[in-house]
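Using the working numbering, you'd call the opening residue of the sequence shown number 3 and step up by one each time. We put the CB at the ideal spot given by N, CA and C, even for glycine. Because the structure is a prediction, the values reported are computed rather than measured.
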Amino acid sequence: MSKSWADDPELVATFRAEVDERLGTLCEGLLRLEHDPSPRQLVASLFRDAHTVKGTARMLSLDSVVEVAHRVEDLLGAIRSGRMTPRRDLVDLLLVSAESISRSLPGAERPVDADEVAAVVAALDSACAGEDPVTVPRLRVTDVEDADESGRPRGGDSVRVPTRRVHELLEVVGEAELDVRRITTHSRELTGLTRRQLHSARALRDAAAADDALPTSVTDALHALVSLGDQLVAASRELAARAEDADGRLARVRDGAMGLAMVPVRRVVAGFPHLVRELSAAGDQPREVQLVLSGQDVELDTRVLDAVADSLQHLVTNAVDHGCETPAERVASGKPARATVTVAARAAGSTVVIEVSDDGRGIDEESLRAVAVSRGLLPEGSTATGTPLLQVMFSPGFSTRSEVTQTSGRGVGLDVVRTVVEDLSGAIDVASKSGLGTTFTLTLPVTLGVLRCLIARVGTERYAVPVAGVIETLGLAGAERHEVAGVPVLARQGVTMPLVDLGQILEAPGDRDPRSAIVVHYSGSDELLALAVDALEGEAELVVKELGGFLGRLPTVTGATIDGDGSVVLVLDVRELAVRQLAGGVAHAPAAPRRRTSGGTVPLHPGGRARVLVVEDSVGVRELQRVILEGAGYEVVTAVDGMDGAARLTEAPVDLVVSDVEMPRMDGFTLTRTIRRTRGWEDVPVVIMTSRGDEADQRAGLDAGASAYLLKSEFDQAELIDTVRRLVGR
């Protein structure tokens, strides 16, 4: 294990928490394994847990953990394939293996020694070789040295707090801030109203003082009214001042809580040196690769960093496997024999920019174009180059590799990386030069709970646009505007960009008078798009809330906030909005004719017979659904897993998708989010049918964009057909 990792208690605690969570899930599943009549899906989940533990341990050079986890994978693979049955002795062995992994982690209170690990490895080897029964080793109980007189481990000067609690605190603080701001707004309104009434009362008092005919009681009453007005003005001022003070203190609490939820980029990249070392030695043609890390102390919200951890690892793997040449190839082209892969992070206002680059061969545009044409992503004879061509790589399931290697062809693709980044309201860009290398740039928000946003008024509504995606704002009065092929365009500093009226897209109510424009990146490339709005009302840090399970995910909306006057302000996803409004540089399959139904907008296929795509990795369940739906009069096409389903997105849209959640290569939630971001498919209803019935899972499905969520444990043929008919409209 690298010294830098071992000496960082925060990273050690984070790693242990992650692995302990995986091991807890693994043990829970193992205890159910013996009694599960159809364990295939359960074993697949256990296999993924073991695989994650192994991958993380390999990055951290925890050789004993890797050794055990690898053999656990082998044994679970044999059970998954049907070569072995989940006998009691095998389950016992797997449970002991999980314990040995836990006690091999850094900081373990009862660590195992090398002999015990060797015994576990030998038993796993015997099991995989078919020995029946297997002798299950027992791990010795080791006393905890650092304990008090009662035998309990000694405490330290810190406590571990689950990030969930920190984010719950941030939620409460955010709601309190909104309440204080409403109080501030109302107190200012009260101050203004009181001042106006006080002015009138003083005028009456002065008039009464000049009129000797008025009774003294009236004059006294007017004096009392003026005095009361003075007191109300003073009280409202005091209320406003106290509200502002409370707002400032809450801001400090929020910043402190956010600090607890912030983690350094080092947490993810610490294991990359070992990863690069292994990748460069893999395969028939080893390479010499050095990894350069910079900006490791830059901090991000743990939710943001954890969400992109796998994506960063995938980009580093691609850089080594696809980008770096062999020493002989580099020397022949005049380069140093050793290639360089760089992972650099830097803070940029309310965002963090992370670049993964290599100085390798660069992307072969001719080869990329040929593959794109062969897969129907570009038309025959296409001459696309540069950014529009490079965007092809983000298509679902896209790969230029025809063979599967140890490091390529088994994981997620760049489409999933982009989906993850854009789900965080971030952006991903790619640039490449032949013979010089490739750079992927991720722009991420520092935190998800609080976003720096630009407030725009459109008609009678106000909308928030995250500044992470904004290039600049400008006035339309003196702007240079033209029309190209009937499309309004805006010329700015020698760059021409489409000009789109945001109010027309959103069907905003109220009178319109567009006077300003917001310039944003279009679809993660270098192309720009200008959004016309009626007015810009400045920037603000907004506490952003999800819309919740009732509304689910609304198109082009990432969340909402409550303004000081109590009104709801929607936070827009301008990239998704742009994708929906314009055709990108990459050709997509043409959308079929569409019509509006109670379930949304769906395509109409020739003959009126609706088509349903069933995505399910279980053959039995897939065939059952196919038979039921075909019996109800639907045309059914099937996909064997999530990645196979994503590959269908290059074809003409279907009328509805039925998808499982737990599937290899790509799960159903990721598939649903990918569907929602694919032109022509974005309004296709998706029915999630799964055995995962927790409220959190159902909320995750709806947040991903699912139209309905059905449970296999409560499967009802009539309910499935009724749901499909409701969403399709026939």
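Check	Outcome
Unbroken alpha helix (DSSP H) runs of length 4 or more, entirely within the segment 58–128: which are they?	65–83 and 90–104
Indicate the three-state DSSP secondary structure (helix, strand or coil) for Pro447 in the structure shown.	strand
Pull the bridge partners of Gly31 from the DSSP assignment, please.	Looking at the DSSP assignment, Gly31 forms no beta bridge with any residue, so it has no partner.
Less than 8 Å between C-beta atoms, sequence neighbours within five positions excluded: which residues of the same chain meet that for Val174?	none
Applying the criterion that 16 or more other CB atoms from any shown protein chain within 10 Å of the CB defines a buried residue, is Arg256 buried or exposed?	buried
Which parts of the segment 252–294 are runs of the beta strand (DSSP E), unbroken and 3 residues or longer, counting only runs that do not cross its ends?	264–266
Beta carbon of Ala466, beta carbon of Leu456: below 9 Å?	yes
When the Cα of Arg464 is compared with those of Thr387, Gly383, Leu549 and Asp565, which residue comes out closest?	Asp565
When burial is assigned at 16 or more other CB atoms within 10 Å of the CB, is Asp213 buried or exposed?	exposed
Below 8 Å CB to CB, which residues in the same chain sit around Glu179 once its five sequence neighbours on both sides are set aside?	Asp249, Leu252, Ala253, Arg256 and Val545
Take Glu632 and list the residues in its own chain whose beta-carbon comes closer than 7 Å to its own, dropping the five residues that flank it on each side.	Val638
What residue from Glu625, Gly644, Asp657 and Thr652 has the CA that sits closest to Tyr636's CA?	Asp657
Pull up the DSSP beta-bridge partners for Cys326, would you.	Per DSSP, none; premise fails for Cys326.
Quickly, what does DSSP pair Phe442 with across the bridge? List them, please.	Val358 and Val432
CB Ser102 to CB Val93, shorter than 9 Å?	no
I'd like the list of long-range same chain contacts for Thr221, defined as Cβ closer than 6 Å, with 5 residues on each side in sequence excluded.	Ala210
Is the segment 229–244 touching the segment 181–198, taking contact as three or more C-beta pairs under 8 Å?	yes
Suppose the cutoff is 7 Å on Cβ atoms and the five residues either side in sequence are ignored; what does the same chain contact list for Glu147 look like?	Only weak support is given to the placement of Glu147: the predicted model assigns it a pLDDT of 44, under 50, and the value that follows is read from those uncertain coordinates. Cβ neighbours of Glu147 beyond the five flanking positions: none.
In the segment 657–719, which residue ranges form an unbroken alpha helix (DSSP H) of at least 4 residues, counting only runs that do not cross its ends?	670–678 and 697–706
Out of Leu35, Ile473 and Val21, which has the shortest C-alpha to C-alpha gap to Thr87?	Leu35
Determine the closest residue to Val660 out of Arg363, Ala654 and Gly647, with distance taken between C-alpha atoms.	Gly647
Does any residue of chain B have a CB that is nearer than 9 Å to the CB of Thr440?	No chain B appears in the structure shown, which is made up of a single protein chain.
For Gly79, which residues from the same chain have a beta carbon less than 7 Å from its beta carbon, with the 5 sequence-adjacent residues on both sides left out?	Phe49
Can you tell me whether Gln506 is buried or exposed, with buried defined as 16 or more other CB within 10 angstroms of its CB?	exposed
In whole angstroms, what separates the C-alpha of Gly84 from that of Ser99?	21 Å
For Asp366, which option in Gln700, Ser434, Leu538 and Arg679 has the closest C-alpha, if you only look at C-alpha atoms?	Ser434
For Gly415, count neighbouring C-beta atoms within 10 Å of its own C-beta (all shown protein chains included) and say buried if the count is 16 or more, exposed if not.	buried
Apart from the five residues on each side of it in sequence, which residues of its chain come closer than 7 Å, Cβ to Cβ, to Ala71?	Ala52, Val55, Lys56, Ala59 and Ile103
Give me the DSSP bridge partner(s) of Asp303.	Met264
May I ask you to report which of helix, strand or coil DSSP gives Ser518?	strand
From Leu141 to Ala634, what distance separates their C-alpha atoms?	57 Å
What are the residues that DSSP puts in a beta bridge with Asp503?	Ala534
Expressed to the nearest angstrom, what Euclidean distance is found between the alpha-carbon atoms of Pro288 and Arg363?	16 Å
Please determine, among Ala309, Ala339 and Gly480, the residue with the shortest C-alpha to C-alpha distance to Ser427.	Ala309
On the DSSP letters alone, give me the boundaries of the alpha helix (DSSP H) that Glu368 sits inside.	Glu367 to Ser376
Can you tell me the Cβ-Cβ gap for Leu77 and Leu97, rounded? I've got them flagged as a contact below 8 Å.	Contact flag wrong, Cβ pair sits at about 12 Å.
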